[in-house]
Each structure stands twice: as C-alpha cells, then as structure tokens.
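In terms of UniProt numbering, the sequence shown opens at residue 1 and continues consecutively.
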Amino acid sequence: MCRVSICPSPTSTGFTGLFCVTAGSNPTGIFKSVSLTETSADSMKTPKDLGYFFPPEWHRHAATWLSYPHNEASWPGKIATIFPFYNQFIREISRGERVNINVANEAMGRQVREALEIIGVNLAQISLYEHPTNDAWCRDHGPAFLIARRPELRPGKVIVNWEYNAWGNKYPHGLDNAIPRRVASSLGLPVFSPGIVMEGGAVDFNGGGTVLTTRSCLLHENRNPGLNQGQIEQFLQDYYGVEQVLWLGEGIEGDDTDGHIDDMTRFVAPDTVITMVEPDRKDANFRPLRDNLKALKKMRLLNGRQLNIVEIPMPHPVFYDGQRLPASYANFYICNAGVIVPTFQCVEDQKAIDLLSRCFPDRSVIGIDSVEIIWGLGSWHCLSQQEPESPL
C-alpha cells in the first residue's frame with residue numbers, strides 16, 4: 001500500500017449530485033452546520049465508560065465509507081485496471097445502503113459519479129465528500145464508529161479518532177490521518193481521540209465483548225513503542241467498548257501492514273470465526289497460519305466456550321512483477337446487501353464462496369475479481385469502513 005495529526009477547518013464539503021454544499025452555509029438543508037466536539041484520552045470518560053461499543057460488521061449499516069483510489073504509486077503501472085472492479089464493489093454495496101465516498105475535489109467527484117452512472121449505480125445512494133486523502137485504504141484511516149448500548153443514550157453514535165501513521169510511517173499519511181475528524185465534522189458527531197496509533201484492519205469484533213488482533217502488528221515498535229501489551233489492551237477495551245482481547249501471531253506473506261487480522265481470521269458470528277489455512281507445507285504461509293489455528297483452538301470466549309472454527313484454504317499464490325501479494329479470502333466485506341469476497345481466478349475461489357455461504361445463510365455471497373486490486377496490497381475489506389445504524 002504505497003502508498004501530525006491536523007485538525008481540519010470546519011469548511012469541509014459534501015457533494016449532492018454535482019452541487020457542492022459547504023457545511024455551515026446549508027443552502028439546501030441537506031448538511032447541518034456543526035461544531036466538532038473532541039475529547040482526549042486524559043480529559044474525559046472513555047466511550048466504554050459512557051456506554052458505547054464497536055458493533056460487529058454484520059450489524060445493520062447506515063452507510064459504507066470509501067476513499068476513492070487516486071494514488072498511482074499504490075498500483076504502479078496498473079491503477080487504470082482497478083476501476084471496473086472497484087466500481088462494481090460500490091454498485092454491490094449500494095444495493096443495500098448508502099455509500100459515502102471521500103474525494104479530493106469537485107472535479108474528481110464528477111468523474112466518480114459519471115463512472116458509476118455508466119454501470120447503472122443508483123446515484124441516489126451515493127454521497128461524495130470533499131475529504132482529500134493520501135490513499136484509498138479507508139479501513140485503516142477511516143473513522144471508527146461506535147454506537148450506544150442503550151437506545152436512550154444520546155447521541156446514539158460517536159467517532160473514535162485513532163492516530164494513523166501508514167503502518168509505521170511507511171508512506172505519506174497526513175491527509176489520511178485527518179479523515180476521522182473531517183467525517184465527524186461533516187456528520188456532526190462527537191470525537192474521542194485516544195492519542196495512540198491503531199488501524200481498523202488490525203482488529204475484528206464479535207459484538208459480544210471480544211476483539212481479535214495480532215501481536216505482529218499492534219506490538220510492533222513502529223506503532224506505539226512506549227506501550228506494552230497490557231496498556232494496548234486497556235486502550236482497546238476503553239475505546240472500542242470491549243471486555244476481552246484475543247491475540248494471534250504473525251500475518252500472511254506480502255502484507256505490508258505487519259500482519260493485519262483481516263487477512264487471516266474474522267468473526268462471522270459471536271462464537272464463530274473463519275481462519276485461513278495453507279495446505280502446502282512449503283508455502284511461506286503454512287507455519288504462521290498453522291500456529292494461528294493452534295492458538296484459536298486454545299482460546300475461550302467470555303462465556304468460557306471454545307470458538308467454532310471454519311478453515312478456509314488460501315488461494316493459489318498471486319504474484320506480480322516477482323512480488324508475492326497478500327491474496328486472502330478473509331478480506332471479505334459484510335454489507336447490508338451481502339458479503340463481498342475477493343476472488344483470484346483460481347480453483348480455490350469457489351470453495352471459499354461455498355464455505356462463506358454456509359457461514360452467512362441469510363446473505364448473498366458475492367465474489368469480485370481482485371487480481372488487479374490486490375497489486376495495491378489490499379482488497380475489499382481494506383478499502384471500506386462501515387457506519388453502523390444507531391439504536392432506535
């Protein structure tokens with residue numbers, strides 16, 4: 001993913017159609033004039049104290065947030081090839097929820113809408129926001145939306161603004177790091193800022209008080225070198241509203257994030273995970289995935305029960321220009337309309353779709369070719385961030 005925390009001015013804009021609306025001027029009533037309320041880790045109660053939590057991805061969405069791709073360095077020599085598949089991704093999500101897209105400017109917004117209109121996307125489901133980004137990986141730089149546990153708690157939704165440093169200062173990230181507060185300003189939501197580095201792809205939730213993550217990422221010295229495992233667990237509990245942190249080890253080959261959980265193991269129900277396995281003993285992924293499977297079998301949830309584990313074989317290795325890419329079926333995205341799974345033009349694709357269909361019997365499982373997208377070192381889950389519906 002080729003791919004400072006700066007508080008944005010209150011003049012961030014959103015687009016409705018091709019009409020630019022500035023928050024504050026509010027000529028149509030579509031966007032409210034808002035003031036951004038922000039709390040730091042040492043100044044107020046945490047989201048957990050106040051009764052907020054990060055729901056599982058299968059909780060009904062109000063919208064999906066995306067940052068439209070534009071950084072050619074993320075797909076060297078290939079960025080033009082990704083747009084048909086990326087736009088198909090938007091179309092599938094938009095069948096069941098609004099899609100909010102961060103774009104650099106009004107000109108880019110026009111191009112996006114024209115491209116989506118050509119493939120039959122219902123543009124009433126699309127909202128464009130002038131929130132410039134360095135890159136497209138909204139899972140990691142996007143806002144973390146938490147919702148109230150009790151319907152009487154107001155507001156029903158808040159944003160946690162983790163620091164983002166592009167996986168250990170590997171790439172430029174100043175614009176990306178500002179996205180959570182820009183989104184909060186546009187939506188008029190309160191912001192909690194823990195003040196430590198965290199990425200959405202590094203954590204996965206069951207909705208029952210448990211989060212899964214990896215030591216290779218969250219304990220890496222390029223993230224939060226002054227914090228130990230216990231301190232990081234406390235931040236996860238306080239700012240995601242969970243009770244239990246379960247740790248796995250290393251990530252898959254080719255992943256430049258230092259081992260994100262969303263390429264390896266994902267909750268598909270409160271007591272069930274899918275986890276990637278590599279049957280080829282000679283493959284670089286065999287040992288770390290075997291070790292993670294062993295660890296999962298030893299884990300216990302808050303209720304004392306073991307996890308139900310669904311093993312999904314890795315796709316055939318994907319290379320481009322001699323580089324092993326982090327192709328994985330675990331990088332699926334759960335939206336209201338279904339489950340969108342990356343596929344890689346190999347025989348393992350159908351088995352992955354079949355296994356995930358059994359995990360989600362009430363949702364359509366949709367495969368979208370990711371051979372071009374994965375050259376950017378991420379796929380559908382890496383590119384998206386859900387905004388859950390608030391409790392009634």
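For glycine and all other residues, C-beta sits at the position ideal for the given N, C-alpha and C. This one's a predicted model, so the numbers in the text were calculated from it and none came from an experiment.
Report task. Report the three-state DSSP secondary structure of PHE31 (helix, strand or coil). Result -> In this prediction, PHE31 scores a pLDDT of 28, lower than 50, which makes its location untrustworthy; the coordinate-derived value is nonetheless stated afterwards. If DSSP states are grouped into helix, strand and coil, PHE31 belongs with coil.
Report task. Just list the alpha helix (DSSP H) runs in the region 208-281, keeping only unbroken ones of 4 residues or longer that don't cross its boundaries, in chain order. Result -> Here the runs fully enclosed are 215-218, 229-240.
Requested in this report: Please classify LEU236: is it buried, with 16 or more other beta-carbons within 10 angstroms of its beta-carbon, or exposed?
Outcome: Classification for LEU236: buried.
Requested in this report: Look at the alpha carbon of ASN134 and the alpha carbon of GLY304, and state the distance between them as a whole number of angstroms.
Outcome: Distance between the alpha carbons of ASN134 and GLY304 is about 43 Å.
Query raised in the report: Mind checking GLN385: buried by the 16 CB within 10 Å criterion, or exposed?
Result: Under the 10 Å beta carbon count, GLN385 is surrounded by 16 or more other beta carbons and is classified as buried.
Requested in this report: Could you have a look at VAL203 and say whether DSSP puts it in helix, strand or coil?
Outcome: Three-state result, VAL203: coil.
Requested in this report: Figure out for me which residue from LEU302, MET314, LEU307 has the closest Cα to the Cα of ARG290.
Outcome: Taking only the C-alpha atoms, the option nearest ARG290 is MET314.
**Report entry** Sub-8 Å separation of CYS359 and VAL268 beta-carbons
**Finding:** Going by C-beta atoms, CYS359 is nearer than 8 Å to VAL268.
Query - the region 253-270 contacting the region 201-220, beta-carbon criterion three pairs below 8 Å - result: Yes: at least three Cβ pairs fall under 8 Å.
Query raised in the report: Around the C-beta of ARG281, are 16 or more other C-beta atoms found within 10 angstroms, so that it is buried, or is it exposed?
Result: Counting Cβ neighbours within 10 Å, ARG281 comes out exposed, since fewer than 16 surround it.
**Report entry** Coarse secondary structure for VAL191, derived from DSSP in three states
**Finding:** DSSP places VAL191 in strand when its eight states are reduced to three.
Requested in this report: Please classify ALA184: does DSSP put it in a helix, a strand, or coil?
Outcome: In the three-state reduction of the DSSP assignment, ALA184 falls in the helix class.
Report task. Taking only the alpha-carbon atoms, compute the straight-line gap between LYS45 and ILE159 and give it to the nearest angstrom. Result -> Distance from the CA of LYS45 to the CA of ILE159, rounded to the nearest whole angstrom, comes to 14 Å.
Query raised in the report: Can you tell me where the alpha helix (DSSP H) with GLU311 in it begins and where it stops?
Result: Unbroken run through GLU311 is the beta strand (DSSP E), 308-313; no alpha helix (DSSP H).
Requested in this report: Name the two residues that bound the continuous alpha helix (DSSP H) containing ASP354.
Outcome: From DSSP, the alpha helix (DSSP H) with ASP354 extends over 348-359.
**Report entry** Inside the region 49-109 only - alpha helix (DSSP H) runs reaching at least 4 residues
**Finding:** The DSSP assignment places 79-94 as complete runs of the alpha helix (DSSP H) inside the region 49-109, in order along the chain (cut-off: 4 residues).
Query - Length of the line joining the Cα atoms of GLY241 and GLY200 - result: Rounded to whole angstroms, GLY241 to GLY200 spans 15 Å at the Cα level.
Query raised in the report: How long is the line joining the alpha carbons of VAL191 and LEU146, rounded to whole angstroms?
Result: Between the alpha carbons of VAL191 and LEU146 lies a distance of about 10 Å.
Query raised in the report: Are the beta-carbon atoms belonging to ASN102 and ILE179 less than 8 Å from one another?
Result: Judged by their CB atoms, ASN102 and ILE179 are nearer to each other than the 8 Å cut-off.
Query raised in the report: Run through DSSP, which three-state label would VAL4 get?
Result: Bear in mind that the predicted position of VAL4 carries a pLDDT of just 23, short of 50, making it unreliable; the figure below should be weighed with that in mind. Note: VAL4 maps to coil in three-state DSSP.
Report task. Return the chain-ordered list of same chain residues with a C-beta closer than 6 Å to the C-beta of TRP375, the five sequence neighbours on each side being excluded. Result -> Excluding residues within five positions, the ones whose Cβ falls inside 6 Å are TRP75, LYS78, TYR320.
Query - Where the beta strand (DSSP E) containing ALA144 begins and where it ends - result: Looking at the DSSP string, the run of the beta strand (DSSP E) that includes ALA144 is 144-148.
Query raised in the report: Is the beta carbon of ASN249 sitting closer than 8 Å to the one on ALA295?
Result: Rather than Asn, the amino acid found at residue 249 in this sequence is Gly. Taking 8 Å as the Cβ cut-off, GLY249 and ALA295 qualify as a contacting pair.
Requested in this report: Could you check the C-alpha separation between SER67 and ASP140 for me, to the nearest Å?
Outcome: Rounded to the nearest angstrom, the two C-alpha atoms are 11 Å apart.
Query raised in the report: Distance, Cα to Cα, ALA337 vs THR257?
Result: Their Cα atoms are separated by approximately 29 Å.
Query raised in the report: Which stretch, first to last residue, makes up the alpha helix (DSSP H) that contains CYS382?
Result: No alpha helix (DSSP H) holds CYS382; DSSP gives it neither H nor E.
**Report entry** Cut-off 6 Å between Cβ atoms - residues of its own chain near VAL245, not counting five sequence neighbours on either side
**Finding:** The beta carbon of VAL245 sits closer than 6 Å to those of VAL211, GLU233, LEU236, all from its chain and outside the five residues before and after it, given in chain order.
Query raised in the report: With ASP255 and PRO326 assumed to form a contact (beta carbons below 8 Å), what rounded beta-carbon distance in angstroms separates them?
Result: Rounded to whole angstroms, the Cβ separation of ASP255 and PRO326 is 4 Å, and the two are in contact under 8 Å.
Query raised in the report: Are the Cβ atoms of ALA144 and ARG98 separated by less than 8 Å?
Result: No, these two residues do not count as a Cβ contact at 8 Å.
Report task. Have a look at ILE353, THR272, GLY226, ASN308 and flag the residue whose alpha-carbon is nearest the alpha-carbon of GLY195. Result -> Here the closest residue by C-alpha is GLY226.
Report task. Could you tell me the boundaries of the beta strand (DSSP E) in which LYS157 lies? Result -> Per DSSP, LYS157 belongs to the beta strand (DSSP E) from 157-160.
Query raised in the report: Per DSSP, which one or two residues make a beta bridge with ASP369?
Result: Looking at the DSSP output, ASP369 bridges to THR343.
Query raised in the report: Cα-Cα, which of LEU377, TYR329, ALA80, ALA284 is closest to SER357?
Result: Ranking LEU377, TYR329, ALA80, ALA284 by CA distance to the CA of SER357 puts TYR329 first.
**Report entry** Cβ-based burial, ALA124 [other Cβ within 10 Å; buried from 16]
**Finding:** Exposed.
Requested in this report: Check whether the Cβ atoms of LEU293 and THR275 sit closer than 8 Å, and answer yes or no.
Outcome: Going by C-beta atoms, LEU293 is nearer than 8 Å to THR275.
Query raised in the report: In three-state DSSP terms, what is ILE126?
Result: DSSP places ILE126 in strand when its eight states are reduced to three.
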